[in-house]
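Trainee:
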Amino acid sequence: MRFVDEFRDADKAKALSAKIAGLCEPGRQYKFMEVCGGHTHTIYKHGLEDYLPEAVSLVHGPGCPVCVIPMGRIDDAIHIARQPGVLMTSFGDMMRVPGSAGNFFDSNAEGTNIRMVYSPLDSLKIARQNPDQQVVFMAIGFETTAPSTAMTMLRAAQEGIENFSIFCNHITIIPAIKAILDSPDLRLDGFIGPGHVSTVIGCRPYEFIAEEYHKPIVVAGFEPLDILQSIYLLMRQLSEGRSDVENQYSRVVPWEGNLTALRAIGEVMELRPYFEWRGLGFISHSALQVRAKYARFDAELAYDVPGVRVADPKACQCGEVLKGVLKPWECKVFGTACTPETPIGTCMVSPEGACAAYYNFGRFTRTRVREASTT
Amino acid sequence: MCLGIPGEVIEILTDRPDLARVDVSGVKRAINIGLLTEENLRPGDWVLIHVGFALSKIDEDEAKAAMDFLEGIGKAYDDEITALRDSQIV
Ligand code: SF4
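Chains as they are written, first to last, in full-length UniProt numbering: chain E, 1 to 375; chain B, 1 to 90.
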């Protein structure tokens, strides 16, 4: 084993690595999915796969909201931004995500006004300052960012701000995990559960994974040792024939989640019947829309978005990467036509996307894998 | 956007108890603490911040660990701090 990037507690990591190896049953292969893009990042940065025995492999999941947004929604956002008097606001991460005719920067070059903001509250402030413009916030993210959008909408309602709305693209993690469990492509032995999403939803929503699918899941922190510790906990469950929800990140994640945040989301948003995810297709009840009671904040209603489904570029294999079926470097355009500067697919755009994380940190291992596959 | 960044509470704004001034790597900005009302935050407490909202209270060790993770991320964290610097939450 070779260690790509030695970190502070490399000795502890090696000890955990030995404990994991000790739990492997001879001849059995283990495959775990880390759902969250933040975890993918830590795994590549520290070369954690090199700390694992050959029998244990990690696959990267769909937990990067920028990566799973389908092209059609980018086109819809640009459609809204093109309407007269609209000033759109967006997180910086979204600016480079390609739509079928370019990204937000390209759109601005053609005359739209899409501004980067740090927080939906900044967007609300822009609305207050520009009463003659319609300010539309491009709302995106899992349950980590949905409460912020919800709280901002509640604030706008309280202040009676009339020129503010959101284009809601919030998604929920549980149906995506379920879709992966139901997918015939991939056989998984367990999950490394997302850390920050869980601060909001808590650990209870994962119980179906343990109870109905009999797979262990461990909610994990973001340090290298957290992840190795979580893999150890997964292996221990398997060796004891258990499937439970465990919380390795209890120092941050409360078992019940953040009830105030959940209430705020529930007040202003409800589940959509279905939503398209890049690579995963349509998943029922997997995203949020604005409740009728708050319809005046719903840009999707106000601007009659085309809602056209756009197929991904032919060369793009993000779907396979997001489902964990392909490793990033197995995509034909990885690192050649598709790089963080010239992304073809979404997984190369966000730093949490598997391809970008791999591109930035994974070269050693990639070479190693290439060597292994040619000998 | 997905990054939770640790900040230290400097003061709770007296006229707006849902807002606090925090210090994130030396950048001092207002953030919303309305999702943590039950925590009764005080100056000196640490929180994890997502897009302008404190989502969880953490201890100083965890803040340090989170910071190590973020500094390792490099550009994405720089972008987040730059965005925060431009932020003017009221
Ligand atoms: S290399 Fe580019 S196109 Fe291929 S899967 Fe990754 S992001 Fe998608």
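C-beta atoms are modelled at their ideal positions from N, C-alpha and C, and glycine is treated no differently.
Measure the CB-CB distance between E/V136 and E/I80 and report whether it falls below 8 Å.
Mentor: For E/V136 and E/I80, yes; Cβs fall inside 8 Å.
Trainee: Where do the N-terminal and C-terminal ends of the alpha helix (DSSP H) with E/T152 fall, by residue?
Mentor: Unbroken alpha helix (DSSP H) run through E/T152: A146 to E159.
Trainee: How about E/F222: is its C-beta nearer than 8 Å to some C-beta of chain B?
Mentor: Judged by the 8 Å Cβ criterion, E/F222 is in contact with chain B.
Trainee: For the segment 52 to 82 of chain E, which residues have a beta carbon sitting closer than 9 Å to at least one beta carbon of chain B?
Mentor: Flagged, chain order: G63, C64, P65 and V66.
Trainee: Is there contact between the segment 199 to 212 of chain E and the segment 154 to 169 of chain E, where contact requires at least three CB pairs shorter than 8 Å?
Mentor: The segment 199 to 212 of chain E vs the segment 154 to 169 of chain E: no contact.
Trainee: Would you kindly check if the distance between the Cβ of E/I180 and the Cβ of E/K323 is under 8 Å?
Mentor: Yes, the Cβ-Cβ distance between E/K323 and E/I180 is below 8 Å.
Trainee: How is E/R278 classed by DSSP in three states: helix, strand or coil?
Mentor: Coil at E/R278, not helix or strand.
Trainee: Just to confirm the assignment: which complete beta strand (DSSP E) runs, minimum length 3, are found wholly within the segment 285 to 368 of chain E?
Mentor: Those beta strand (DSSP E) runs which fall completely within the segment 285 to 368 of chain E and span 3+ residues are 288 to 290.
Trainee: Would you identify the three-state DSSP class for E/N247, choosing helix, strand or coil?
Mentor: The answer is strand: DSSP assigns E/N247 an E or B state.
Trainee: Would you mind stating whether E/R272 and E/A287 have Cβ atoms separated by less than 8 Å?
Mentor: Yes, Cβ-Cβ distance for E/R272 and E/A287 is below 8 Å.
Trainee: Determine whether the beta carbon atoms of E/I126 and E/L87 lie at a separation below 8 Å.
Mentor: Result yes, Cβ atoms of E/I126 and E/L87 sit closer than 8 Å.
Trainee: What separation, rounded to the nearest whole angstrom, lies between the Cα atoms of E/A157 and E/G61?
Mentor: Taking the straight line from one Cα to the other gives about 36 Å.
Trainee: Is B/C2 near the ligand ATP, judged by its Cβ being under 7 Å from some heavy atom?
Mentor: The model on display carries the ligand SF4 but not the ligand ATP.
Trainee: State the DSSP-derived secondary structure class of E/R115, mapped to helix, strand or coil.
Mentor: Correct three-state label for E/R115: strand.
Trainee: Taking the beta carbon of residue 395 of chain E as the centre, do at least 16 other beta carbons fall within 10 Å, making it buried, or is it exposed?
Mentor: Any question about residue 395 of chain E goes unanswered here, given that chain E covers just 1 to 375.
Trainee: Go ahead and label E/Q129 buried or exposed: buried means 16 or more other beta carbons lie within 10 angstroms of its beta carbon, across all protein chains shown.
Mentor: The residue in question, E/Q129, is exposed, as its Cβ has fewer than 16 Cβ neighbours within 10 Å.
Trainee: Suppose the cutoff is 6 Å on Cβ atoms and the five residues either side in sequence are ignored; what does the same chain contact list for E/N113 look like?
Mentor: Closer than 6 Å at Cβ, skipping near neighbours: L87.
Trainee: Beta carbon of E/T339, beta carbon of E/F222: below 8 Å?
Mentor: Against a cut-off of 8 Å, the Cβ pair of E/F222 and E/T339 comes out as no contact.
Trainee: From the beta carbon of B/E11, is the nearest beta carbon of chain E less than 8 Å away?
Mentor: By this cut-off, B/E11 is not an interface position.
Trainee: Going straight from the alpha carbon of E/A15 to that of E/S100, what length do you get?
Mentor: When rounded, the distance between both Cα atoms is 49 Å.
Trainee: Would E/F32 pass as a contact of E/I283 if the rule is Cβ separation under 8 Å?
Mentor: Against a cut-off of 8 Å, the Cβ pair of E/I283 and E/F32 comes out as no contact.
Trainee: Could you tell me which of E/P120, E/G27, E/T40 and E/G47 sits nearest to E/V59, measuring between CA atoms?
Mentor: For the residues E/P120, E/G27, E/T40 and E/G47, the minimum Cα distance to E/V59 belongs to E/T40.
Trainee: Using a C-beta cutoff of 8 Å, does E/A10 count as contacting chain B?
Mentor: Taking Cβ atoms only, chain B never reaches closer than 8 Å to E/A10, which makes this a no.
Trainee: Run through the segment 163 to 191 of chain E for me and flag every whole beta strand (DSSP E) of 3 or more residues, listed as ranges in chain order.
Mentor: If we require 3 residues or more, the beta strand (DSSP E) runs fully inside the segment 163 to 191 of chain E come out as 164 to 170.
Trainee: Counting only Cβ pairs nearer than 7 Å, list the residues of chain E close to B/D86.
Mentor: Ordered by position in chain E, the residues that pass the 7 Å Cβ test against B/D86 are Y118.
Trainee: So with Cβ pairs under 8 Å, would you call residue 399 of chain E a contact of chain B?
Mentor: With chain E represented from 1 up to 375, any question about residue 399 of chain E goes unanswered, as that position is not in the structure.
Trainee: Can you tell me the Cα-Cα spacing of B/I10 and B/G44, whole angstroms?
Mentor: If you take the alpha carbons of B/I10 and B/G44, they lie about 6 Å apart.
Trainee: Are there 16 or more other CB atoms within 10 angstroms of the CB of E/H214, so buried, or fewer, so exposed?
Mentor: Exposed: under 16 other Cβ atoms inside 10 Å.
Trainee: Could you check if E/P343 belongs to the surroundings of the ligand SF4, using beta carbon to heavy atom distance under 7 Å?
Mentor: Yes, since a heavy atom of the ligand SF4 falls inside the 7 Å radius drawn around the Cβ of E/P343.
Trainee: Mind checking if residue 376 of chain E is an interface residue toward chain B, Cβ cutoff 8 Å exclusive?
Mentor: Since the first residue of chain E shown is 1 and the last is 375, residue 376 of chain E is not available in this structure.
Trainee: How about E/V253 and E/T199: are their beta carbons less than 8 Å apart?
Mentor: Cβ distance < 8 Å, so E/V253 and E/T199 count as in contact.
Trainee: Pairs of beta-carbons, one from the segment 70 to 80 of chain E and one from the segment 298 to 317 of chain E, closer than 8 Å: are there three or more?
Mentor: Yes, since at least three Cβ pairs between the segment 70 to 80 of chain E and the segment 298 to 317 of chain E fall closer than 8 Å, the two stretches touch.
Trainee: For E/S373, does the three-state DSSP call read helix, strand or coil?
Mentor: For E/S373, the predicted model reports a pLDDT of 46, less than 50, meaning its position is unreliable and no value from the coordinates is stated.
Trainee: Within 8 Å (strictly less), CB to CB, does B/A76 reach chain E?
Mentor: Yes, its Cβ sits closer than 8 Å to a Cβ of chain E.
Trainee: Check the Cβ of B/A54 against every Cβ in chain E and list those closer than 9 Å, keeping chain order.
Mentor: Result: empty, since nearest Cβ-Cβ is about 10 Å, beyond 9 Å.
Trainee: Cutting at 7 Å between CB atoms, please list the residues of its own chain near E/A315, excluding the five before and the five after it.
Mentor: Excluding residues within five positions, the ones whose Cβ falls inside 7 Å are K332, V333, A337 and I344.
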